[in-house]
Amino acid sequence: SQTFTLNFTNEDTFLSAGLQYDDGKVIVLSEIAKRSEHDAPVLGEPLSASTSSYVAAGYRIGSFTPMVRYSHMNYGRSLTAAPVQNSEGLILRYDALRNVAFKAQIDRYDASNPTAFTVTQATTGKKINVLSVGADFVF
Numbered sequence: 006s007q008t009f010t011l012n013f014t015n016e017d018t019f020l021s022a023g024l025q026y027d028d029g030k031v032i033v034l035s036e037i038a039k040r041s042e043h044d045a046p047v048l049g050e051p052l053s054a055s056t057s058s059y060v061a062a063g064y065r066i067g068s069f070t071p072m073v074r075y076s077h078m079n080y081g082r083s084l085t086a087a088p089v090q091n092s093e094g095l096i097l098r099y100d101a102l103r104n105v106a107f108k109a110q111i112d113r114y115d116a117s118n119p120t121a122f123t124v125t126q127a128t129t130g131k132k133i134n135v136l137s138v139g140a141d142f143v144f
């Protein structure tokens, strides 16, 4: 009987940088992030690697802040993902108290990316809308 042993240490590197502008009324946010791994043995490619970015802009109107957002993710050379994923979003934030905010967000994604969503017909080219609602608390 033969035994095959594979020793592999996966090193993951994550680097990001962001900018924010906020003059009390106008808000602009942007970030870029890069994630990379060493190649998996035998397979010759990393399991996951990506470069992603987003830009968002909004305007405060009293306690409300409507925003728009665009994001882009490029998986590059990777075994587990499709090459590109883009999305657009609309956000509405409500500052209820000094330390409590509520946020509703709707994002639109391309349904043709089978790694991003589980859909029965992933190659339809249709769009998927994702609605999320959350609350931020600062103690």
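Quick note: the sequence shown uses the numbering used here, first residue 6, plus one each step.
The beta-carbon is built from N, C-alpha and C at its ideal position, and this holds for glycine as well.
All of these numbers come straight from a predicted model, not from anything done at the bench.
Same chain, Cβ closer than 7 Å to residue i, five either side skipped, listed in chain order
i      : result
Val143 : Asn104
Ala109 : Leu97, Val138
Of the listed residues the options, nearest to residue i (C-alpha basis)
i      : options                      : result
Gln36  : Gly67, Ala45, Tyr26          : Position check: residue 36 holds Glu in this sequence, whereas Gln was assumed. Out of Gly67, Ala45, Tyr26, Tyr26 has the C-alpha closest to the C-alpha of Glu36.
Ile111 : Val138, Tyr80, Thr14         : Val138
Asp141 : Lys132, Arg113, Arg98, Ala62 : Arg98
Thr14  : Gln7, Gly94, Leu52           : Leu52
Beta carbon of residue i nearer than 8 Å to that of residue j
i     : j     : result
Tyr59 : Val31 : no
Residues near residue i in its chain [Cβ-Cβ closer than 8 Å; skip 5 each side]
i      : result
Gly23  : Leu34, Ser35, Glu36, Ile37
Lys132 : Arg113, Tyr114, Asp115, Ala116
Rounded C-alpha distance that separates residue i from residue j
i      : j     : result
Thr18  : Arg82 : 15 Å
Val73  : His43 : 35 Å
Asp115 : Thr56 : 18 Å
Ala61  : Ser92 : 12 Å
Ser21  : Ser76 : 15 Å
Asn79  : Arg40 : 11 Å
Leu7   : Gly94 : The sequence given here places Gln at residue 7; Leu does not occur at that position. Straight-line Cα distance between these residues: approximately 55 Å.
Residues of its chain near residue i, where Cβ-Cβ distance is below 6 Å and the 5 sequence neighbours each way are ignored
i      : result
Asp100 : Ser68, Ala106
Thr70  : Gly63, Arg98
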